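Engineer:
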Amino acid sequence: MNPTLHAARLGLSRGWIEFKQQLTTPQDLGFTVVSTVAFAVVLYFQRDATLPGTDLPLAAATLPSLLGLLIPVNGLLGAVGSLSVEREDGTLLRAKALPQGMIGYLVGRIVSLSFSTVASLVLMLVAGLFFVPGLFGIGLGNWLTIAWLTVLGLLSALPLGAVIGSLAGSPQTAAGMSMLAIGGLTAVSGVFYPITALAGWLQALAHVFPLYWLGLGMRSALLPDAAAAAEIGGSWRPVETTLVLLAWAVAGLVLAPPILRRMARRESGSAMEQRRHRAMQRVT
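Numbering follows the working numbering, with no gaps: position 279 of the sequence shown is 909.
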């Protein structure tokens with residue numbers, strides 16, 4: 631069997647096993663549960679309000695933004711955090727010793743984090759069924775739109791998280807870099823307010839990154855067609871959304887493995903022990 635395909639199959643199996651373990655481990659469930667519940671609480675308090683000057687429920691306008699934001703938050707932060715920690719505890723060093731081990735590791739991490747993110751999205755949509763009027767009747771095509779946006783969003787966010795995690799020198803640095811990236815992109819992406827309110831150069835910057843397109847795609851699936859009038863060009867732009875997300879997904883999947891392999895080549899038992907010693911010094 632082709633070594634790369636064999637490593638990918640092992641990664642699929644590992645990712646599924648890790649996801650099942652997360653379901654029984656309170657520490658692993660903590661972030662997912664807290665973030666999902668926090669978003670659901672926002673919908674609860676907005677359930678009876680409407681957007682000023684319209685009859686559109688505020689919760690209905692907020693839900694697409696929360697779904698679009700949940701994908702990179704869970705995917706990118708999860709990949710950054712797990713990779714930086716497993717770099718210090720020796721997991722990556724052990725993966726390096728196996729044939730095509732970094733391919734298997736990356737596939738396993740993508741699978742486990744994808745399952746946990748999809749679980750969060752499902753919980754959010756279930757909450758939306760209670761707090762967002764009309765969500766039951768959006769139609770099969772709109773549900774399929776949410777599904778393919780989720781897949782492309784995860785494939786664009788997870789490899790990027792792996793790259794950030796591999797470049798960071800410590801879990802603390804990785805967390806800071808990823809939070810800075812998410813915070814900056816959220817500020818200019820228009821997920822919580824019309825992007826047309828921003829300066830032109832900020833709109834252009836937001837168009838480069840996946841978060842804007844995830845928010846736009848989710849709004850196209852969950853909001854009435856008339857709401858597109860508030861978007862740039864008065865359109866949901868589904869073709870552009872697909873192409874940008876697909877480009878990020880392909881770029882991440884192409885670049886992440888060699889970057890991880892390059893990082894793994896620099897790994898050694900002595901380097902891992904030095905990082906562990908520095909971490910212990912920070913604690914004490």
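From the three backbone atoms N, C-alpha and C, an ideal C-beta is built for every residue, glycine too. Treat the numbers as computed from the prediction; the structure is a model and nothing was measured.
Applying the criterion that 16 or more other CB atoms from any shown protein chain within 10 Å of the CB defines a buried residue, is Gly660 buried or exposed?
Structural biologist: Answer is exposed; the Cβ neighbour count stays below 16.
Engineer: Could you name each continuous alpha helix (DSSP H) segment of 4 residues or more that falls completely within the region 741 to 815, going from the start of the chain to the end?
Structural biologist: Taking only runs of at least 4 residues, the alpha helix (DSSP H) segments lying wholly in the region 741 to 815 are 770 to 797.
Engineer: Excluding five sequence neighbours on each side, which residues of the same chain lie with their C-beta closer than 6 Å to the C-beta of Pro840?
Structural biologist: Ser786, Leu875 and Trp878.
Engineer: Determine the extent of the alpha helix (DSSP H) in which Gly845 is found, giving its start and end residues.
Structural biologist: Counting along the chain, the alpha helix (DSSP H) containing Gly845 begins and ends at Pro840 to Leu852.
Engineer: Could you pull out every residue in the same chain whose Cβ sits closer than 8 Å to the Cβ of Met809, ignoring the five residues on either side in sequence?
Structural biologist: Excluding residues within five positions, the ones whose Cβ falls inside 8 Å are Leu707.
Engineer: What do you get for Ala689, buried or exposed, if any count of 16 or more other CB atoms within 10 angstroms of its CB means buried?
Structural biologist: The residue is buried, with at least 16 neighbouring Cβ atoms inside 10 Å.
Engineer: Excluding the five sequence neighbours on either side, which residues of its own chain have a C-beta within less than 6 Å of the C-beta of Arg677, listed in chain order?
Structural biologist: Excluding positions up to five away in sequence, the list reads Ala689 and Phe761.
Engineer: Which of the three DSSP states is assigned to Val913 in this structure?
Structural biologist: The predicted position of Val913 is uncertain, since its pLDDT is 49 and thus under 50; a value taken from the coordinates is nonetheless stated next. In the structure shown, Val913 sits in a helix (DSSP, three-state: H, G or I).
Engineer: Around the C-beta of Ala679, are 16 or more other C-beta atoms found within 10 angstroms, so that it is buried, or is it exposed?
Structural biologist: With fewer than 16 Cβ atoms within 10 Å of its Cβ, Ala679 is classed as exposed.
Engineer: Would you list the one or two residues that DSSP bridges to Thr666?
Structural biologist: BP columns for Thr666 are empty, so no partner.
Engineer: Between which two residues does the alpha helix (DSSP H) containing Leu686 stretch?
Structural biologist: Run containing Leu686: none; DSSP gives neither H nor E here.
Engineer: Using a 10 Å radius around the Cβ and a threshold of 16 neighbouring Cβ atoms, would you call Thr662 buried or exposed?
Structural biologist: Label assigned to Thr662: buried.
Engineer: Determine the burial state of Arg724: buried for a count of at least 16 other Cβ atoms within 10 Å of its Cβ, exposed for fewer.
Structural biologist: The residue in question, Arg724, is exposed, as its Cβ has fewer than 16 Cβ neighbours within 10 Å.
Engineer: Any idea what DSSP makes of Thr680, helix, strand or coil?
Structural biologist: In the structure shown, Thr680 sits in a strand (DSSP, three-state: E or B).
Engineer: Quick check: the region 765 to 777 against the region 725 to 740, are there 3 or more CB pairs under 8 Å?
Structural biologist: No: fewer than three Cβ pairs fall under 8 Å.
Engineer: Below 8 Å CB to CB, which residues in the same chain sit around Ile768 once its five sequence neighbours on both sides are set aside?
Structural biologist: Closer than 8 Å at the Cβ level, and outside the excluded window around Ile768, lie Ala851 and Leu852.
Engineer: How should Ala817 be labelled, buried or exposed, when 16 other C-beta atoms within 10 angstroms of its C-beta is the threshold for buried?
Structural biologist: Result: exposed.
Engineer: Report all residues from its chain with a CB closer than 7 Å to the CB of Val703; omit the five preceding and five following residues, and keep chain order.
Structural biologist: Answer for Val703: Ser665 and Ile812, listed in chain order.
Engineer: Cα separation between Thr780 and Gly683?
Structural biologist: Cα to Cα, Thr780 sits roughly 31 Å from Gly683.
Engineer: If you follow the alpha helix (DSSP H) that Ile647 is in, where does it begin and where does it stop?
Structural biologist: Per DSSP, Ile647 belongs to the alpha helix (DSSP H) from Pro633 to Gln652.
Engineer: What's the call for Pro789, buried or exposed, on a 16-neighbour Cβ count within 10 Å?
Structural biologist: Pro789 is buried by the Cβ-count criterion.
Engineer: Spatial neighbours of Glu648 within its chain, please: C-beta separation below 6 Å, excluding the five flanking residues on both sides.
Structural biologist: Closer than 6 Å at the Cβ level, and outside the excluded window around Glu648, lie Ser742.
Engineer: Apply the 10 Å Cβ neighbour rule to Gly806 and answer buried if 16 or more other Cβ atoms are within range, or exposed otherwise.
Structural biologist: Counting Cβ neighbours within 10 Å, Gly806 comes out exposed, since fewer than 16 surround it.
Engineer: Taking all protein chains shown into account, decide if Ser750 is buried (16 or more other Cβ within 10 angstroms of its Cβ) or exposed.
Structural biologist: Buried, since its Cβ has 16 or more Cβ neighbours within 10 Å.
Engineer: Mind reading off the beta-carbon distance from Ala668 to Val793? Whole number of angstroms is fine, and I expect it under 8 Å.
Structural biologist: In fact, because the Cβ distance is near 27 Å, the residues do not count as touching under 8 Å.
Engineer: Could you name the residues of the same chain whose beta carbon sits closer than 6 Å to that of Arg942, not counting the 5 residues immediately before and after it, in chain order?
Structural biologist: Because the chain spans 631 through 914 in this model, residue 942 falls outside it and cannot be assessed.
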